[in-house]
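J.: If you count the sequence shown from 1, position 66 lands on 49 in our numbering, and the numbers rise without skipping. Beta carbons are placed, not taken as given, at the ideal position from N, Cα and C, and that holds for glycine. Nothing here was measured: the structure is a model prediction, and the numbers come from that model. The structure is given below, and queries will be raised subsequently.
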Amino acid sequence: MTFWIILLFIFPMLGTLSFLTAFPWVREKKAGGLALFWSLGALIATIGVMITSRGKIPFTFLIGQMPWIEMEVKLFGFIIDSLSLLMLIVTVVIGFLVVVFSGGYLTRENQDHPVEYGWDRYYAWLLLFIFAMVGVALSPNLLQFLIFWELTTICSAALISFYEEEKSYRAGFKALLMTHAPGLFFLVALALVFVYTGNFDFASIGKLPPFIKTTVVIFLLLASWAKSAQVPFSTWIPDAMEAPTPISAYLHAAAMVKAGAFLMARVFTAGFEVNSGVGVLIAVGAILTMYLGLFFYFFQDDLKRLLAYSTIANVGYIFLGLGLGVMGSMVGMRGGLLHLICHAFAKTILFLSVGAIAYGTGTRSISRLSGLYRSSPFLAVVFSIGVLSVTGIPPFSCFWSKFFIIVGAFSLKSLFGIILGILVLGESVGAFIWFIIVTQRIFFGKENEISISFSFPKVFKVVLGVLIILTLVAPLVGIPLLEGIK
């Protein structure tokens, strides 16, 4: 297993280095092929980890010590458990599919954003992003987590700014500022844990005095809210839609937005009790975020911005599940974590479908798009499956995660829990109605001049077809994994 884990780190890092050291003609002309090779290696290594870890988890390997730290503290290593495997699947599988999709998307024929150069820069940052997310998934302690956490921030800002336009630069800087500045709370929390315990382990938080422990958890929560675009830090993510659409898919479905929720999942599954008031705070924040996202659905004409607000709302579901877990509902927590993987594949379908639409039509405007079904029935079906899944319609994937969250809320057997469950249902119904209206408009409305000439590369169909399968099987993968989370 250790062999595969080492390869999992090496492949994306060597991929990034290959773009920095290769001859210019190789970097530009063969960029897509190089990125495909290295990301495929990471995917194979992930499969190797999954196979060899059966019956051996949780497994932790720690190394490293700094000479200026007198205590014997292991600073680096990796952990393989149910949570890390869940995140690895999301991070590496979607990362690979985004690389494949990008090969067809970043071309001169793209009607939305023709790309004439910069392929080497794009793939170098994307592979480094995958490397950083692997590090986040496998980090066994707060220090290593923070290092990779900040690396994801840098990668996301660079990729959001890829088109080198004023709007994209502003969006990249905004994402960098709004996710990094609140991340300083993470640094303070890390310092407090080390000062009081002499360690960086997640479990060390449980050894802190009650007031300090609650303070550390809240500081980490603030950092995670910013990373995951939760209220009051949600404004950066709609602007981040200036990124190439495959990057938007990776940001929202698998990478930085999910990293914040993953941090709190690590904290709350570290084996210590947290004040239930923190759970109430998380639940209230999640509900506010979900309904803020829902509210802004109705004012969006750009399909990507609509999906951005959908991501804000859906990551709120993950946080709600975590909050329910803190309040004593393990069913709710597992539902939140299941939503992490179920939403990931479904949202990737929607983003890449929008990428295909923009590639062929040159627009993402809901008001301008109509009747695309006649040009591409396949894309209409794929997009509809993504909508049904994200909004939680049975038997599609997010139905199961939302179902567990609602059951978890009701299992609190309190008025507060009942209200939470009803509010979850309300958001799901509202999102479903609006997304159905949008789907009907862009695919099944009256055909216009845009839809008549609509076409896109065949590789898009391959990627989207694979994602349909992954969306359908996500609960079958996630539910057994989550049984190991206590």
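At what residue ranges does the segment 56 to 123 contain a whole run of the beta strand (DSSP E), taking only runs of 3 or more?
T.: Correct list: 59 to 63.
J.: Is there at least one non-hydrogen atom of the ligand GDP closer than 7 Å to the beta-carbon of Gly86?
T.: Absent from the structure shown: the ligand GDP. Ligands present: none.
J.: Val390: which of Leu303, Ile30 and Thr180 sits nearest, CA to CA?
T.: Leu303
J.: What does the alpha-carbon distance come out to for the pair Asp184 and Ile27?
T.: 29 Å
J.: For Ile462, does the three-state DSSP call read helix, strand or coil?
T.: Of the three classes helix, strand and coil, the one that applies to Ile462 here is helix, per DSSP.
J.: Alpha carbons only, please: which of Leu290, Lys150, Ala120 and Ala186 is nearest the one belonging to Val73?
T.: Ala120
J.: Am I right that Ala226 and Phe145 are in contact with their C-beta atoms under 8 Å? What's the rounded C-beta distance?
T.: Taking 8 Å as the upper bound for CB-CB distance, Ala226 and Phe145 are in contact here, some 6 Å apart.
J.: Going by DSSP in three states, Phe437 sits in which element: helix, strand or coil?
T.: coil
J.: Given a threshold of 16 other Cβ atoms within 10 Å of its Cβ, counted over all protein chains shown, does Tyr233 qualify as buried or as exposed?
T.: buried
J.: Any idea what DSSP makes of Ile349, helix, strand or coil?
T.: coil
J.: State the DSSP-derived secondary structure class of Thr454, mapped to helix, strand or coil.
T.: Thr454 falls in the helix class under three-state DSSP.
J.: Among all the DSSP beta bridges, which residues are the ones paired with Thr43?
T.: Ile62
J.: Can you give me the Cβ contacts of Leu246 inside the same chain, cut-off strictly under 6 Å, excluding the 5 residues immediately before and after it?
T.: Here the set comprises Ser207.
J.: Helix, strand or coil for Asp284, going by three-state DSSP, please let me know.
T.: coil
J.: Sort Gly166, Leu191 and Ala164 by Cα distance to Phe177 and report the nearest one.
T.: Leu191
J.: Just mark Pro463 as buried or exposed, buried being the case when its beta carbon has 16 or more other beta carbons within 10 Å.
T.: exposed
J.: Could you tell me which of Gly315, Ser411 and Ala363 sits nearest to Ser438, measuring between CA atoms?
T.: Ala363
J.: When we look at the beta-carbon of Ala266 and count the other beta-carbons within 10 Å, is it buried (16 or more) or exposed?
T.: buried
J.: Which same chain residues end up closer than 6 Å to Asp222 when comparing Cβ atoms and leaving out the 5 residues on each side of it in sequence?
T.: Ala154 and Lys157
J.: In terms of residues, what are the limits of the alpha helix (DSSP H) holding Val214?
T.: Note, Val214: premise wrong, no alpha helix (DSSP H); not H, not E.
J.: Among the candidates Val309, Val373 and Gly308, whose CA atom is the shortest distance from the CA of Phe334?
T.: Val373
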